[in-house]
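Below is one structure, written out as structure tokens, with a few remarks after it.
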Amino acid sequence: MDYQERTYRNRVSQNNLIPFHVCVRETDLFILSDNDLSELALQSIYTHRGFIESYIKVHPDFLTSLVPVDEDYLAPNIARDMMKASRDAGVGPMASVAGAIAEYVGNDLLMSSRNVIVENGGDIFLHTERDVTVGIFAGDSPLNYNVNLMLKKEKMPFGICTSSGTVGHSLSFGNADAVCVISKSSIMADAAATAIGNLVKSKKDIKMALERGIEIKGVSGILIIVGDNFGAIGEIELT
Numbered sequence: 003m004d005y006q007e008r009t010y011r012n013r014v015s016q017n018n019l020i021p022f023h024v025c026v027r028e029t030d031l032f033i034l035s036d037n038d039l040s041e042l043a044l045q046s047i048y049t050h051r052g053f054i055e056s057y058i059k060v061h062p063d064f065l066t067s068l069v070p071v072d073e074d075y076l077a078p079n080i081a082r083d084m085m086k087a088s089r090d091a092g093v094g095p096m097a098s099v100a101g102a103i104a105e106y107v108g109n110d111l112l113m114s115s116r117n118v119i120v121e122n123g124g125d126i127f128l129h130t131e132r133d134v135t136v137g138i139f140a141g142d143s144p145l146n147y148n149v150n151l152m153l154k155k156e157k158m159p160f161g162i163c164t165s166s167g168t169v170g171h172s173l174s175f176g177n178a179d180a181v182c183v184i185s186k187s188s189i190m191a192d193a194a195a196t197a198i199g200n201l202v203k204s205k206k207d208i209k210m211a212l213e214r215g216i217e218i219k220g221v222s223g224i225l226i227i228v229g230d231n232f233g234a235i236g237e238i239e240l241t
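Going by the numbering used here, the sequence shown opens with residue 3, and the numbers climb by one from there.
Structure representation (structure tokens):
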């Protein structure tokens, strides 16, 4: 299948892993693993997208709500995880969809590879036996790709998700060039990045957004870039 390069992707050190792309409609994954698992990844995407799409047909508010929706114990696992993350972060459940797909596909691939990195439009699921460096895309900011996160192997897995008010297609009510959140869960990181990004209207909001964001359950570290200004809090190791 044809692949159109996404210029806003975060850069991940490859560490001799095999890179490949898999696309299903809006889902566009860049994956690194010990071998080419394109077919398995494709099957995984169809499965988990199918669960979300089927649930939306019966519960359309899951797609459109910008605030948390009521918990539903009968929902598919991926939808329930999105609901929980959205409640903890105070956003709509679809704010975490990219991280959810990355995490669920990543966990499926871990059954066939000891090292897996799944990147979904700037949102990353990471589980490797080696340290990994992630370069943060920040649009027109002079800090674009000049701020790099070091992720240690002994602390795997990681979810690293980035929200932007100036770059990309995702809905944001803020103006940050990049709000990057680290968590054990890509789903939680994605929801929190959206919530924190909504708070940042200018560089004056960086400190406030960091302090509020680190209080979100499951968030272990935050990096915010606005123009040539940036701030970080929590378990953030820069290189």
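Using N, Cα and C, we set each Cβ at its ideal position, and we do this for glycine too.
Rounded separation between residue i and residue j - CA only
i	j	result
L153	V69	31 Å
F160	T130	9 Å
Y106	S46	8 Å
F64	D74	11 Å
V266	T66	Since the displayed the chain opens at 3 and closes at 241, residue 266 lies outside it and no answer follows.
A195	S165	5 Å
R132	G215	28 Å
Buried versus exposed call for residue i [16 or more other C-beta atoms within 10 Å across all chains shown]
i	result
T241	exposed
S188	buried
N18	exposed
Assigned secondary structure, residue i (DSSP; H/G/I helix, E/B strand, else coil)
i	result
L264	Limits of the chain in this structure are 3 at one end and 241 at the other, which puts residue 264 out of reach.
N18	coil
F139	coil
D74	coil
M61	Going by the sequence as given, residue 61 is His instead of Met. Of the three classes helix, strand and coil, the one that applies to H61 here is coil, per DSSP.
T66	helix
L39	coil
I126	strand
Extent of the continuous alpha helix (DSSP H) run through residue i
i	result
E121	Looking at the DSSP string, E121 is not in any alpha helix (DSSP H); the run it does join, the beta strand (DSSP E), is V118 to N122.
V183	Segment A180 to S185 is the beta strand (DSSP E) holding V183; no alpha helix (DSSP H) there.
A108	In the sequence as presented, Ala is not what sits at residue 108; that position holds Gly. From DSSP, the alpha helix (DSSP H) with G108 extends over V99 to L111.
M158	Premise fails: M158 is in no alpha helix (DSSP H) and is neither H nor E.
Continuous beta strand (DSSP E) stretch holding residue i: start and end
i	result
T29	T29 to S35
Notebook entry, point to check: Are the segment 120-129 and the segment 84-104 touching by the rule of at least three beta carbon pairs closer than 8 Å?
Noted result: Short answer: they touch.
Notebook entry, point to check: Does the segment 30-44 come close enough to the segment 54-61 to have 3 or more Cβ pairs within less than 8 Å?
Noted result: The segment 30-44 vs the segment 54-61: no contact.
Next item on the list: Evaluate the contact criterion for the segment 216-227 versus the segment 131-147: three or more CB pairs, one atom per stretch, below 8 Å.
Entry: Because the criterion of three Cβ pairs below 8 Å is met, the segment 216-227 and the segment 131-147 touch.
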